[in-house]
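Chemist:
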Amino acid sequence: MSYFINPETLDEIRDRADIVDVVGSHVQLKRAGASYQGLCPFHSEKTPSFSVSPNKGIFHCFGCGVGGDVITFVMKIEGLTFPEAAKKLADQYGVHIKENKGNFKKNDLKETAFELNRKVAFYYMQNLIGYKPALEYLFKRGITIDFIKKYGIGYSKDSWDDLVKYLEGENQDLELASKLGLLGKKKKSEGYYDVFRGRIIFPIINTKNKVIGFGGRVLDDSMPKYLNSPESLVFNKGNNLYGLNYFNRGKKKENIILVEGYMDVISLGTQGIDYCVASLGTALTINQVKLLSQYGENFYICYDGDFAGINATKRAIQIFNSLEINVKVIQLKDGLDPDDFIKKYGRMRFEAEVKYASGSLDFLINDFKKDLDLENIDDKIALIKFIANSILQINSPIERDIHISRLSEAYDVSVDAIKAEIMGNNVKGNVPRAPKTEYKKPDVVETKRLITKRDKIAIELIKIMLYDKSFCKRIFDKIDIEDIEDDSLREVTRTILNIYDDSNGVERVDILDYLKQNYIIDEKLYDELLVENGKYGSADYNALIDELLETYIKSDENKRKREIIQEIAELESKDNRTDEDTMLLTKLVEELIAINTTIDGIKK
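Using the working numbering, the final residue of the sequence shown is 1068, and nothing's skipped along the way.
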């Protein structure tokens, strides 16, 4: 069947499809400098004249003259039409295609959305130039006018209808602006309101230099600190990276550093570290790493040193390993994030950290053993088994042997014993090669923080969210995502909401598979969320939600109540109480009364 595929979707297919992998599944290729060579599959030859250039994304035979891009190759090698070849690659590399059958409305709408985003980005930039406090905030953070212009940084006025009025004046489609996440719909009356208010605005630009979304940061410490555009017809968070639009796929970067936030990318850029990108408010995905691999040679992860950052680093390592891409980890002093580190220590010190970055295996080992007592024989055995199983994931025989030798020397265990552990006590020469697309988790259970009562309630709420999109509104009308204490559960919740924003009628098992495949949940949480907690009607689920939220909110209030009582007791025990102490005591008593009123209201 013939159907239209818009040019942007074709570009996305070419971006994501690795031409070396695609051609290599039909032709035996060998590296020759920056290209690969092999015997041409389209004519008979004994001397290789067939060349594949990963940087340019093309193939060419100097013998018969055939050539083209990755779509052309699939067409010719499999005898497919252009749309059939494009769709085959799209399915293989996770690019969504809708069959328009000659209907260009969807493509026109996307172009309209890109243009609307461009206008809004320019409007926000104009706002920034006229608002001194926002400019001063950026200047204090070391961001100069040149970098403000380079990254298109703007400002959204602290107003409920400033953008609404601007778009109305420009005769723009407010409903489309709402779908793009720029405007929200009023609940009690007709009309729209500005979503981004009183924030520094960072336009998110794809590799085709189209504005696909926005990120906003407050000027103070109010919450939520960051606000990001939802998934839309032009914005898919899991398929894009912030800052990648400044890279040239045809001229790969020697190094690329993956950081967490917009400010990290920009702050490092101001110091000459112009090879950083950031994921877009969600866990790193396989598609993002596949895209990134086309732009660089060596890859580094430099996330924050807190609990959430360490877990995100471990997930990212799993994704890189599953794609057989080597990655190193930069661990900054004092747990600082890249933005704070480079301001405190400067460019040379940061580049030294890059130079001496840990291998991913060393990072995992150090993280695993931090809670162990290596004087304890059981802990020592657990560590050796963890390292042995981790070595199994290494694809390079030379690198595997080096790590086996290091492990043998460090813990006085024979090489044969380590190989036996890795191979399941069946040593026959070399250690087996790990499967290309599967990351085998270690058998040893990693040390994790305790699951609290509030975490258990959060898991039950996530289960309910997975049954029906409509329950999400009832849940988050009463609590905020930031109220979820556990970092990993909060990330799971955000991802589910993003999937719901982007899709209609998606099945819970598909959502769980996505979470698992992208290492956002582990096997244990996957199994727990997969278990059905009964079949209820909407009314029963609503009652269950209310009951869980009541317990959730009350536990939070009771926790704060205990903290306040302790603070009051400490202040009352002071012999020489200052005026500030007296004021604080008054505030604490007022807060305690308010909490007691809330708890009484919940009980009723």
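Built from N, CA and C at the ideal position, the CB exists for glycine as well.
Using a Cβ-based criterion (distance less than 8 Å to any ligand heavy atom), does ASP475 qualify as near the ligand ZN?
Modeler: No copy of the ligand ZN appears in this structure; indeed no ligand is present at all.
Chemist: Is the number of C-beta pairs between the stretch 627-643 and the stretch 677-690 that are closer than 8 Å three or more?
Modeler: Judged by Cβ distances under 8 Å, the stretch 627-643 makes no contact with the stretch 677-690, as fewer than three pairs qualify.
Chemist: Is there a Cβ of chain B sitting closer than 9 Å to that of GLY769, yes or no?
Modeler: Reference to chain B is not applicable here, since this structure consists of a single protein chain.
Chemist: So, at 8 Å on beta carbons, what are the nonlocal neighbours of LYS510 in its own chain, with the 5 sequence-adjacent residues on each side left out?
Modeler: These residues qualify, in order along the chain: LEU503.
Chemist: Taking the alpha carbon of PHE578 as the reference point, which residue from ILE1028, LYS672, ILE783 has its own alpha carbon closest?
Modeler: The shortest C-alpha separation from PHE578 is found at LYS672.
Chemist: What does the alpha-carbon distance come out to for the pair LEU683 and VAL628?
Modeler: So the two alpha carbons sit approximately 22 Å from each other.
Chemist: Could you tell me the alpha carbon to alpha carbon distance between TYR809 and CYS525, rounded to whole angstroms?
Modeler: Computed Cα separation, rounded: 51 Å.
Chemist: Taking all protein chains shown into account, decide if ARG1041 is buried (16 or more other Cβ within 10 angstroms of its Cβ) or exposed.
Modeler: Exposed, since its Cβ has fewer than 16 Cβ neighbours within 10 Å.
Chemist: Classify TYR759 as buried or exposed, calling it buried when 16 or more other Cβ atoms lie within 10 Å of its own Cβ.
Modeler: So TYR759 ends up on the buried side.
Chemist: Report the rounded CA-to-CA distance for PHE784 versus ASN762, giving the unit in angstroms.
Modeler: Straight-line Cα distance between these residues: approximately 12 Å.
Chemist: Along the chain, where does the alpha helix (DSSP H) containing ALA641 start, and where does it finish?
Modeler: Looking at the DSSP string, the run of the alpha helix (DSSP H) that includes ALA641 is 638-643.
Chemist: Would you say the stretch 540-556 touches the stretch 468-479, given that touching needs at least three Cβ pairs under 8 Å?
Modeler: Short answer: they touch.
Chemist: How far does the alpha helix (DSSP H) with HIS560 in it extend, from its first residue to its last?
Modeler: Neither: HIS560 is in no alpha helix (DSSP H) and is coded neither H nor E.
Chemist: Under 9 Å, do GLN735 and PHE814 count as touching if we go by C-beta distance?
Modeler: Yes, the pair counts as a contact, with Cβ atoms nearer than the cut-off.
Chemist: Do the stretch 643-654 and the stretch 726-745 touch if we need at least three Cβ pairs shorter than 8 Å?
Modeler: Output reads no: the stretch 726-745 does not touch the stretch 643-654.
Chemist: Alpha carbon to alpha carbon, what distance is there between ALA1033 and GLN636?
Modeler: Their backbone Cα atoms lie some 59 Å apart in a straight line.
Chemist: Taking the beta strand (DSSP E) that ALA742 falls in, what are its first and last residues?
Modeler: It spans 740-742 - the beta strand (DSSP E) in which ALA742 sits, taken as one unbroken run.
Chemist: Could you tell me the distance, in whole angstroms, from the CA atom of ASP485 to the CA atom of ALA922?
Modeler: Approximately 42 Å between the Cα atoms of the pair.
Chemist: Reducing DSSP to helix, strand and coil, say where ILE794 ends up.
Modeler: Three-state result, ILE794: coil.
Chemist: Quick one: Cα of ALA780 to Cα of THR1050, how far?
Modeler: Cα-Cα distance, rounded: 48 Å.
Chemist: Helix, strand or coil for ASN719 per DSSP?
Modeler: Strand, per DSSP.
Chemist: Residues in the same chain with beta-carbon distance under 8 Å from LYS574, minus the five sequence neighbours each way, listed in chain order, please.
Modeler: The residues are ASN470, GLU472, LEU697, VAL698.
Chemist: By alpha-carbon positions, which one of LYS520, TYR657, GLU1027 ends up nearest to LYS621?
Modeler: The shortest C-alpha separation from LYS621 is found at TYR657.
Chemist: Hey, ILE945 and ARG958 are a contact pair by Cβ (cut 8 Å); roughly how many whole angstroms apart?
Modeler: At roughly 6 Å, the Cβ-Cβ gap stays under 8 Å, so ILE945 and ARG958 are in contact.
Chemist: Based on Cα-Cα distance, which residue from LEU1052, ASP826, LEU1013 lies nearest to ARG1030?
Modeler: Just to set this straight, residue 1030 is Gln in the shown sequence, not Arg. Here the closest residue by C-alpha is LEU1052.
Chemist: What number of angstroms, rounded off, separates the C-alpha of VAL676 from the C-alpha of VAL973?
Modeler: It is Ile, not Val, that sits at residue 676 in the sequence shown. Looking at the two C-alpha atoms, the distance is approximately 29 Å.
Chemist: What three-state label does DSSP hand CYS504 in the structure shown?
Modeler: CYS504 falls in the coil class under three-state DSSP.
Chemist: Do you know how far the Cα of ILE868 is from the Cα of ILE939?
Modeler: One C-alpha to the other measures close to 50 Å.
Chemist: Please confirm whether VAL487 and PHE537 have their CB atoms less than 9 Å apart.
Modeler: Closer than 9 Å, so yes.
Chemist: Classify ASP768 as buried or exposed, calling it buried when 16 or more other Cβ atoms lie within 10 Å of its own Cβ.
Modeler: It is buried - the Cβ of ASP768 has at least 16 other Cβ atoms within 10 Å.
Chemist: Would you grab the beta carbon distance between LEU419 and LYS701 for me? Rounded to a whole angstrom, and I think it's under 8 Å.
Modeler: What is shown of the chain runs 465 to 1068, which leaves residue 419 out entirely.
Chemist: Throw me the rounded Cβ distance for the PHE523 and GLY532 pair, which I believe falls under 8 Å.
Modeler: That pair is a contact at about 7 Å.
Chemist: Let's see if you can read the secondary structure: which residues bound the alpha helix (DSSP H) around ARG870?
Modeler: Run containing ARG870: 861-875, per the alpha helix (DSSP H) assignment.
Chemist: Helix, strand or coil: which one does DSSP assign to GLU885?
Modeler: Helix, per DSSP.
Chemist: With a CB to CB cut of under 6 Å and the five nearest residues on each side skipped, what residues in its chain are close to CYS766?
Modeler: Excluding positions up to five away in sequence, the list reads ILE721, VAL723, ILE794, PRO802.
Chemist: Run through DSSP, which three-state label would SER623 get?
Modeler: Of the three classes helix, strand and coil, the one that applies to SER623 here is coil, per DSSP.
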